[in-house]
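Position 32, counted from 1, in the sequence shown is what this note's numbering calls 81; the numbers after and before it change by one each time, with no gaps. All residues carry an ideal CB built from backbone N, CA and C; glycine is no exception. Fair warning: this is a prediction, and the values are worked out from it, not measured in the lab. Remarks on the structure that follows.
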Amino acid sequence: MNRSFKLFSVAGIDVRVHMTFPLILVWAAFQFGVLTGGGLSGALFGVIVVLLLFGIVTLH
């Protein structure tokens with residue numbers, strides 16, 4: 050069973066993420082937004098951090 054989905058393809062190589070990746074985004078938003086008292090801007094910061102980390106690892 051394949052538990053990942055394709056985001057895009059670069060030079061014939063599929064970039065896929067596991068189906069639990071959105072849970073990491075929700076977790077980061079909760080951590081930075083609710084637990085630290087950052088509100089909406091903190092939640093957005095958490096999501097951006099996770100997406101930047103994903104982008105850096107993908108480029109590597």
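Looking at the DSSP output, Arg-65 shares a beta bridge with Lys-55. For Gly-104, the secondary structure class from DSSP, reduced to helix, strand or coil, is helix. For the pair Gly-95 and Gly-86, the CB atoms are not nearer than the 8 Å cut-off.
In the three-state DSSP reduction, Ala-92 falls in the helix class (H, G or I). Ala-77: member of the alpha helix (DSSP H) spanning 70-79, first to last residue.
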